[in-house]
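Which chain is which? The protein sequence lines are A and B, in order.
Number 194 in full-length UniProt numbering belongs to position 194 of the first sequence; there are no gaps in the numbering.
Number 199 in full-length UniProt numbering belongs to position 199 of the second sequence; there are no gaps in the numbering.
Quick reminder that beta carbons are idealized off the backbone N, C-alpha and C, glycines included.
Keep in mind the model is a prediction, meaning the values are calculated, not measured.
Comments concern the structure below.
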Amino acid sequence: MEWSTLAPQLLSATGLTLYMVTVTLVLAGFIGLAVGMGLYVTRRGSIMENGAVFTVLNLLVNFVRPIPFIILLAALGKLTESVVGTRLGPNAAIFAMTIGATFAVARIVEQNLMTVDPGVIEAARSMGVSRWKIITTVILPEALGPLVLGYTFLVIGITDMSAMAGAIGAGGLGDFALRLGYQRFNDQVTWAAVIVIIILVQLVQFFGNWLARRIMRR
Amino acid sequence: MSAAPAAGDTLVSFRDVSKVFTTGPKRRPREVTAVDGVTLDVKRGEIFAVIGYSGAGKSTLVRLINGLETTTSGTLEVGGQQVSGRSETQLASVRHNIGMIFQQFNLFTSRTVAGNIEYPLRRAGWKPEERRARVTELLEFVGLTERARNYPEQLSGGQKQRVGIARALASNPELLLADESTSALDPETTQEVLALLRRVNRELGITVVLITHEMDVVRAIADRVAVMDSGRVVEVGTTADVFAHPQAETTRKFVGSVMHTVPNAAEVEKLRREHPGRLVMVDVRDQNRIGEVLSDAARTDVRFNIAFGGISILQSRSFGTLTLSLTGPPDAVERTVDALRAVTKVEEVAE
């Protein structure tokens, strides 16, 4: 196969991967942030301690997280169809990826928020600041640096998921590598996709590190 | 400006306040009484110290005042407003009137020095120009004007605590709580921060409640002191009185730690070996006549030796203890001891 015909396909596959990863990151990023904050504030000794809510959220996260994504993709088929209208294509993939990524985001958010010094939360409480304001004006700003690094780490996980989404005809770089490379015994094509993924991941990691360094002033 | 409140009326009142923590697993909970039936008044305008060993409950006691910990029983009022039994949301108005500083400073690392001081003003809804003016004023008060744009990690411990003080004072509280505020600082910086706390009290008229395990801190700035042991307040009084006549065993130990004028058991043993005479401990106070009595004693063949002790000045009053060894005819020694009893407190050094 000629590179003159492959190159445009590689380009559109890259575009599709970027689309899926970005939309998933935004959706899972926000939902996961909410779930992760929920876990953090309801745990024992935290500012909105609530055993029942914490247990439910914690079980949910522990239930979904260990499912291998390729299986989650298949298992969610019916639900995906009723929500997105189809089990195939990039939008179906985004739905499954969002569900898979949300719980990973939640755990990472929870862990990063726990690095916030309880002392500064206490200082804010001593000023009579409301619990909601403590979350938005103390906890989140104090944890911002580690959170940026956590999200950067997740972008790579989501990119990984998007490659598997090729299995349900979502397109993208994974699909490109498997269908046009692996199945046709064309290692060069496979490696072309791999290199693009490596470059994308490097760029994201570089940007994430830079941003976190700026926030943490280190 | 309204007239200053009459000094001496009660700002914080504890009435039989207890705090019991429940720890351990839910099935076999363990109860720990951190504060045990405390009744105490802090007067408006004073610097009130709470001293005790770690685990004595002093930190919990102070954290009850602004509701960081909730009371288990008893009533607690600050400025006439009830604190005990209020919810976290209801406590906001009480807390606006109480500033707090901490051992580890607890500054927001994501905000600059100015940002830290401005934070409570933002939450209280001050206008930007009012906030700026207040922050400038506070930076000047704590002497950190040049540091406004620095972040906390760029400051020394003493500077961090000064930011903590400025932040705690931002919304003009009546009361400042200082939780081991100098325990993470070296001796020189401690004096600096204590001097600032004294200015907060004297110049701004803010009542200060500070907890510490260092008797030196109490001696340096406290008007009155409460001594805590196992959740109870075992002694309360003016700093001068507590230093001069420590009643409780814990208090004696604390006073002894800074004013080592009373020999301990091992030292008594050593003194006994070295001094053959009768050993008595006499209290030294302003204008007492111990010297006169001892000079007279020489005429009755009683000889004395100063075996142990020291004299210091606290809040411009002398006090201390001397351990004297008296030798001579027993009845003459007895008369000298009686003469000493007439001018000061005398204690026999136990065999």
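Under a Cβ-count criterion, where at least 16 other Cβ atoms within 10 Å of its own Cβ denotes burial, should B:F304 be classed as buried or exposed? Taking the second sequence and counting its residues from 1, the one referred to as residue 304 of chain B is at position 304. It is buried - the Cβ of B:F304 has at least 16 other Cβ atoms within 10 Å.
Residues near B:V337 in its chain [Cβ-Cβ closer than 8 Å; skip 5 each side]: On the second sequence, residue 337 of chain B is found 337 positions in, with the first residue counted as 1. Cβ within range, chain order: R278, V280, L326 and V346.
Need the endpoints of the beta strand (DSSP E) that A:S82 sits in, please. For this step, residue 82 of chain A is matched to residue 82 along the first sequence. Premise fails: A:S82 lies in the alpha helix (DSSP H), G77 to V84, not in any beta strand (DSSP E).
Quick check on DSSP: helix, strand or coil for B:Q82? Start at 1 with the first residue of the second sequence, and residue 82 of chain B comes out as number 82. Looking at B:Q82 - three-state DSSP - the assignment turns out to be strand.
Tell me which residues share the same chain as B:I178 and place their Cβ nearer than 6 Å to its Cβ, disregarding the 5 neighbours each side in the sequence. Along the second sequence, read from residue 1 onward, the residue named residue 178 of chain B stands at position 178. Here residue 178 of chain B is Ala; the residue named in the question, Ile, does not match the sequence. Around B:A178, the same chain offers I101 and L210 as residues with beta carbons nearer than 6 Å, after the five sequence neighbours per side are excluded.
Could you pull out every unbroken beta strand (DSSP E) segment of at least 3 residues lying fully inside the region 208 to 274 of chain B, listed in chain order? 224 to 229 and 232 to 238
Quick check: the Cα distance between A:M20 and A:T14, rounded to an integer number of angstroms? As a first step, residue 20 of chain A is located in the first sequence; it is residue number 20 there, counting from the start. As a first step, residue 14 of chain A is located in the first sequence; it is residue number 14 there, counting from the start. Looking at the two C-alpha atoms, the distance is approximately 10 Å.
Helix, strand or coil for A:T162 per DSSP? By one-based count along the first sequence, residue 162 of chain A stands at place 162. Residue 162 of chain A is actually Ser in this sequence, not Thr. Under the three-state reduction of DSSP output, A:S162 falls in the helix class.
Among the residues of its own chain, which have a CB less than 7 Å from the CB of B:V268, if the five just before and after it don't count? As a position in the second sequence, residue 268 of chain B is number 268, starting the count at 1. Excluding the 5 residues flanking it on each side, B:V268 has same chain C-beta neighbours closer than 7 Å at V349, in chain order.
Beta-carbon proximity check, B:F105 vs B:R199, cutoff 9 Å: Within the second sequence, the letter at position 105 stands for residue 105 of chain B. Within the second sequence, the letter at position 199 stands for residue 199 of chain B. Cβ distance not < 9 Å, so B:F105 and B:R199 don't count as in contact.
Where B:M100 falls: helix, strand or coil (DSSP): Taking the first residue of the second sequence as 1, we reach residue 100 of chain B at position 100. Of the three classes helix, strand and coil, the one that applies to B:M100 here is strand, per DSSP.
For B:R15, three-class secondary structure by DSSP: Taking the second sequence and counting its residues from 1, the one referred to as residue 15 of chain B is at position 15. Three-state result, B:R15: strand.
How about A:S130: is its C-beta nearer than 9 Å to some C-beta of chain B? Looking up residue 130 of chain A in the first sequence gives position 130. Yes, because at least one Cβ of chain B sits closer than 9 Å to the Cβ of A:S130.
Would you kindly report the start and end of the unbroken beta strand (DSSP E) that includes B:R30? Reading the second sequence from its first residue, position 30 is the one you call residue 30 of chain B. Element bounds for B:R30: R30 to K43.
Please state whether DSSP places B:F304 in a helix, a strand or coil. For the purposes of this step, residue 304 of chain B is taken as residue 304 along the second sequence, with counting starting at 1. B:F304: strand per DSSP, three-state reduction.
From which residue to which residue does the beta strand (DSSP E) around B:S325 run? Here residue 325 of chain B corresponds to residue number 325 of the second sequence, with the count starting at 1. Its beta strand (DSSP E) spans residues R317 to T327.
Whether B:D229 touches B:I47 by CB criterion (9 Å): In the second sequence, the residue the question calls residue 229 of chain B occupies position 229. In the second sequence, the residue the question calls residue 47 of chain B occupies position 47. No. Outside cutoff.
Going by CA-CA distance only, name the one from B:L176, B:G157 and B:R167 that's closest to B:E192. To locate residue 192 of chain B, count along the second sequence from 1; it is residue 192. Of B:L176, B:G157 and B:R167, the residue nearest in Cα terms is B:G157.
What do you reckon, are the CB atoms on B:V302 and B:T39 nearer than 9 Å? Residue 302 of chain B sits at position 302 when you count from the first residue of the second sequence. Residue 39 of chain B sits at position 39 when you count from the first residue of the second sequence. Contact: no.
Considering only their Cβ atoms, is the gap separating A:G157 from A:A165 smaller than 9 Å? Your numbering for residue 165 of chain A matches position 165 in the first sequence. Your numbering for residue 157 of chain A matches position 157 in the first sequence. No; because the gap between Cβ atoms is not below 9 Å, this pair is not in contact.
Residue 279 of chain A to A:G51 span [Cα, whole Å]: Summary: the structure shown does not reach residue 279 of chain A, with chain A confined to residues 1 through 218, and so no result is reported for it.
Going by Cα to Cα distance, which pick from A:S82, A:M161 and A:A104 is closest to A:L73? Position 73 of the first sequence, counted from the first residue, corresponds to residue 73 of chain A. If we check each option's Cα against that of A:L73, A:M161 comes out closest.
Contact under 9 Å by Cβ, B:T60 with B:K19: As a first step, residue 60 of chain B must be located in the second sequence, where it is residue number 60. As a first step, residue 19 of chain B must be located in the second sequence, where it is residue number 19. Result yes, Cβ atoms of B:T60 and B:K19 sit closer than 9 Å.
Which residues in chain A sit within 7 Å of B:Q104, going by Cβ to Cβ distance? Along the second sequence, read from residue 1 onward, the residue named residue 104 of chain B stands at position 104. Chain-ordered, the chain A residues with CB closer than 7 Å to the CB of B:Q104 read G119.
Indicate, with yes or no, if the ligand ATP has a heavy atom lying under 8 Å from the CB of B:Y119. The ligand ATP is not part of the structure shown, which contains no ligands of any sort.
Neighbouring residues, chain B, relative to A:R125 (Cβ below 7 Å): Residue mapping note: residue 125 of chain A aligns to position 125 of the first sequence, counting from 1. By Cβ distance, chain B contributes L68.
Quick one: any contact between the region 106 to 122 of chain B and the region 136 to 156 of chain B, if contact means 3 or more CB pairs under 8 Å? yes
To the nearest angstrom, how far is it from the Cα of A:I99 to the Cα of A:A75? Walking along the first sequence from the start, residue 99 of chain A turns up at place 99. Walking along the first sequence from the start, residue 75 of chain A turns up at place 75. Each residue's alpha carbon lies about 12 Å from the other.
Between A:K78 and chain B, is there a C-beta pair that is closer than 9 Å? For the purposes of this step, residue 78 of chain A is taken as residue 78 along the first sequence, with counting starting at 1. No - not a single Cβ of chain B is within 9 Å of the one on A:K78.
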